[in-house]
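Remarks on the structure that follows.
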Amino acid sequence: MLQTFQETISRLVTLDRDVLVIAWLSLRVSLTAVGIGLGIGIPVGALLAVAMFPGRSVLVGLLNAFMGLPPVIVGLVLYLVLSRSGPLGSLGLLFTPGAMVAAQAVLATPLVAALTRQVVADAEAHLGEQLRSLGLSAPRRALALIHDTRFSLVTTALAAFGRAISEIGAVLVVGGNIDGHTRTMTTAISLETQKGDLSLALALGLVLIGLVILINALAATLRAHAARAYG
Amino acid sequence: MPAIELSDLALARNGTTILDGLSAGISAAGITALIGPNGAGKSATLRVIDGLLAPDAGSVRIVAAGPVRRAFVFQRPALLRASALANVALALTPLGLSRTERTRRAHAALARVGLGDRASAPATRLSGGEQQRLTLARAWAVEPDLLLADEPTANLDPGATELVEGLIAEIARQGTKVVLVSHNLGQVTRLAADVVVLARGRAVEQGPTRTLLTSPRAPETRAYITGELPWTSFAAAS
Ligand SMILES: Nc1ncnc2c1ncn2[C@@H]1O[C@H](COP(=O)(O)OP(=O)(O)OP(=O)(O)O)[C@@H](O)[C@H]1O
Ligand SMILES: [Mg+2]
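Protein chains in written order, with this note's numbering: chain A, 1 to 231; chain B, 1 to 238.
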C-alpha cells in the first residue's frame with residue numbers, strides 16, 4: 001500500500017510519460033467534444049427558449065431526456081454507425097480519437113442544449129416581451145439572450161466538460177482503449193486497476209481530479225470577474 | 001399620426017378577468033393619457049395595442065396612412081446585461097441601418113435623456129431612474145409613430161421627471177402619437193390633451209383632460225381623482 005503511494009507520487013513528480021500522453025489525449029478529446037456541444041447546443045437551446053412552434057414542448061421533453069443518455073448506449077449506437085458495414089463506416093473513424101470526440105459530442109450536445117434552454121427561458125420571462133416589442137426576429141432574440149446569460153452559460157460549459165471527461169462507456173466502446181492511441185484517463189484507470197497497476201491508476205485519477213478542479217476554478221474566476229463588471 | 005380604436009376588448013388570464021369589454025377611441029393627435037386605479041388594466045391595454053397580448057374578444061384598429069412603427073416603454077425597465085449604448089443600439093437593428101448610423105443615433109438618444117456620459121456603463125448597474133430614462137432613450141431612438149409609455153416617470157426625481165416630460169412633449173410635437181399611462185395627475189394635465197379612465201377592465205369615461213379632471217362624471221373617475229381607495233368603494237358597493 002505504502003509502496004503504491006510512493007510510486008504514484010513519483011509518477012506525478014517525474015511527469016511520467018504514460019500519464020502525460022493519456023491525460024493530454026483525454027483533454028484534447030473532451031475539450032473538442034465540448035466545443036462542438038457548445039457550438040450546436042447553445043443556439044439550439046436558445047432558439048427552443050424563444051421560438052414558438054408546434055411540437056416545441058415535445059422537443060424540449062426529448063432534449064431533457066437525452067440529457068441523461070447512458071454513455072455506453074451512445075457508444076454502442078455510434079459503434080454500429082461507424083463500424084465497417086455501418087452507414088459511416090467508410091470514414092474509418094472507429095477506434096480513433098475522432099470517434100471518441102464524436103461520441104462525447106453526442107453526450108455533450110443535448111446536455112448543453114437543455115441547460116441553455118432553461119437558462120435562456122428564465123431570462124426570456126424577464127426580457128422576452130421587451131425584445132418582441134422591439135420587433136426582433138427569433139434568432140436575434142435568441143442571440144440577445146445568449147449574450148445576456150453568458151455568465152450562466154459558463155456553468156453549462158463546465159457541466160458538459162465534466163460529463164465528457166469523466167465518462168468511460170462511450171470512449172471505451174468506440175475508442176477501444178488502444179495503448180498510446182485511444183487510451184483516455186477513465187479507460188486507463190479502469191484497465192490498470194484490473195491489471196493491478198494501482199500506481200498508474202491512482203496517478204491518473206489524481207490528474208483527472210486535478211484537471212476538473214483547475215478548469216472549474218478557472219471558470220469561476222472568469223465568471224466572478226465578468227459578473228463584477230456587468231452585474 | 002395613427003388613431004386607435006379599441007372595441008369590446010376582453011382578456012382573461014388564469015381565470016382572472018383583466019379586460020372586460022373595453023371600448024375607447026384614442027385620437028390621432030398628441031398625447032392621450034390612460035388613468036385609473038392599480039389593476040384597472042392600463043398596462044394590459046397597452047400590451048394589447050402593441051400586439052403583445054392577443055385579446056380573447058374584441059379588436060384593436062390602428063388607423064394610419066402607412067405602416068406604424070411602435071415603441072413601448074414598460075412599467076418595469078427590461079434591460080440586457082450590456083452597455084447602455086448596446087441596449088439602445090439593439091432596438092435599432094430591425095430598422096436596417098448601418099452600424100455607424102445605429103451607434104450615432106444611440107449616442108444621440110442617450111444624450112437626449114441626460115445619459116450621454118453613461119454610454120459605456122453596464123445598463124443593469126444604472127440606478128432605477130437612470131434605467132427608466134434609458135428605456136425612454138431606446139424608445140425615442142427608433143423614431144416611432146406610436147409611443148406607448150407605461151408610467152415612464154414613476155421612479156424619477158423631480159429634475160428627471162421634468163426632463164422626461166419635456167422629452168415626451170417634444171416627441172409628440174415631432175408627430176408621434178403618445179399613449180401615456182400615469183398616476184401623476186399633474187403630469188397628465190401638463191402633457192395630455194385627452195384622457196381615458198379605466199376601472200376594472202373597462203373604459204368608464206373619456207374626454208378632454210381639463211373637463212374630465214375638473215368635472216368627472218363617472219363615479220370611478222371621481223373616486224380615483226379624490227384618492228378614494230378602490231377597494232373601500234368596492235366594499236361599500238357590495
Ligand atoms: N398573466 C396574468 N395572469 C393573471 N392576472 C393578470 C395577468 N396579468 C395581469 N393580470 C391582472 O390584471 C389586472 C390588470 O393588470 P394591469 O397590469 O393591466 O393593471 P394596471 O392598470 O396597469 O395597474 P397598475 O396601476 O398597478 O400598473 C391586475 O389585477 C393583474 O393582477
Ligand atoms: Mg400597470
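Glycine included, C-beta positions come from ideal geometry on N, C-alpha and C.
Proximity test, residue i beta-carbon vs ligand 1 heavy atom, cut-off 6 Å
i	result
residue 16 of chain B	yes
residue 54 of chain B	no
residue 13 of chain B	yes
beta-carbon residue i near ligand 4 non-hydrogen atom, thresh 6 Å
i	result
residue 38 of chain B	What this structure holds is ligand 1 and ligand 2, not ligand 4.
As assigned by DSSP and simplified to three states, the class of residue i
i	result
residue 103 of chain A	helix
residue 34 of chain A	helix
residue 85 of chain A	coil
residue 5 of chain A	helix
residue 240 of chain B	Any property of residue 240 of chain B remains undetermined from this structure, which presents chain B solely from 1 to 238.
residue 59 of chain B	strand
residue 70 of chain A	coil
residue 18 of chain A	helix
residue 72 of chain B	strand
residue 213 of chain A	helix
residue 168 of chain A	coil
residue 202 of chain B	strand
residue 39 of chain A	helix
residue 151 of chain B	coil
residue 162 of chain B	helix
residue 133 of chain A	helix
residue 37 of chain B	coil
residue 181 of chain B	strand
residue 5 of chain B	strand
residue 189 of chain A	helix
residue 183 of chain A	coil
Cα-Cα separation between residue i and residue j, rounded to whole angstroms
i	j	result
residue 225 of chain A	residue 114 of chain A	26 Å
residue 24 of chain B	residue 203 of chain B	6 Å
residue 52 of chain B	residue 35 of chain A	37 Å
residue 72 of chain B	residue 148 of chain B	5 Å
residue 13 of chain B	residue 128 of chain A	18 Å
residue 140 of chain B	residue 62 of chain A	43 Å
residue 80 of chain A	residue 94 of chain A	10 Å
residue 227 of chain B	residue 201 of chain B	19 Å
residue 41 of chain A	residue 91 of chain A	24 Å
residue 195 of chain B	residue 224 of chain B	13 Å
residue 156 of chain B	residue 126 of chain B	13 Å
residue 214 of chain B	residue 156 of chain A	59 Å
residue 23 of chain A	residue 173 of chain A	19 Å
residue 147 of chain A	residue 19 of chain B	36 Å
residue 97 of chain B	residue 179 of chain B	27 Å
residue 107 of chain A	residue 186 of chain A	16 Å
residue 65 of chain A	residue 37 of chain B	47 Å
residue 214 of chain A	residue 182 of chain B	54 Å
residue 135 of chain B	residue 47 of chain B	16 Å
residue 233 of chain B	residue 17 of chain B	Residue placement at residue 233 of chain B is poorly supported in this model, since its pLDDT is 47, which falls under 50; the coordinates still yield a value, given next. Each residue's alpha carbon lies about 19 Å from the other.
residue 193 of chain A	residue 87 of chain B	56 Å
residue 83 of chain A	residue 184 of chain A	21 Å
residue 238 of chain B	residue 35 of chain B	In this prediction, residue 238 of chain B scores a pLDDT of 42, lower than 50, which makes its location untrustworthy; no coordinate-derived value is stated.
residue 8 of chain A	residue 199 of chain A	5 Å
residue 28 of chain B	residue 120 of chain B	37 Å
residue 165 of chain A	residue 99 of chain B	42 Å
residue 175 of chain B	residue 209 of chain B	20 Å
residue 219 of chain B	residue 170 of chain B	34 Å
Cutoff 7 Å: residue i Cβ touching any chain C Cβ
i	result
residue 200 of chain B	Of the protein chains in this structure, namely A and B, none is chain C.
Quiz: which residues have CB nearer than 6 Å to ligand 2 non-hydrogen atoms: B:42, B:43, B:75 and B:150
Please list the residues of the region 112-145 of chain B that have a C-beta atom closer than 7 Å to any C-beta atom in chain A, keeping them in chain order. 122, 124 and 125
What residues from the region 121-153 of chain A come within 7 Å of chain B, judged by C-beta to C-beta, listed N to C? 126, 127, 129, 130, 132, 133, 134, 135, 136, 140, 144, 147 and 148
Chain A contacts from the region 86-100 of chain B (Cβ-Cβ distance under 8 Å): 90, 91, 93 and 94
Mind checking the region 40-60 of chain B against chain A and listing, in chain order, the residues whose C-beta falls within less than 7 Å of any C-beta there? 50 and 52
Using a Cβ-Cβ cut-off of less than 7 Å, give me the residues of the region 65-82 of chain B that come near chain A, in sequence order. 72, 74, 78, 80, 81 and 82
The region 62-89 of chain A: positions lying closer than 8 Å to chain B by Cβ: none
Output, in sequence order along the chain, the residues in the region 33-48 of chain A whose CB is closer than 8 Å to any CB in chain B. none
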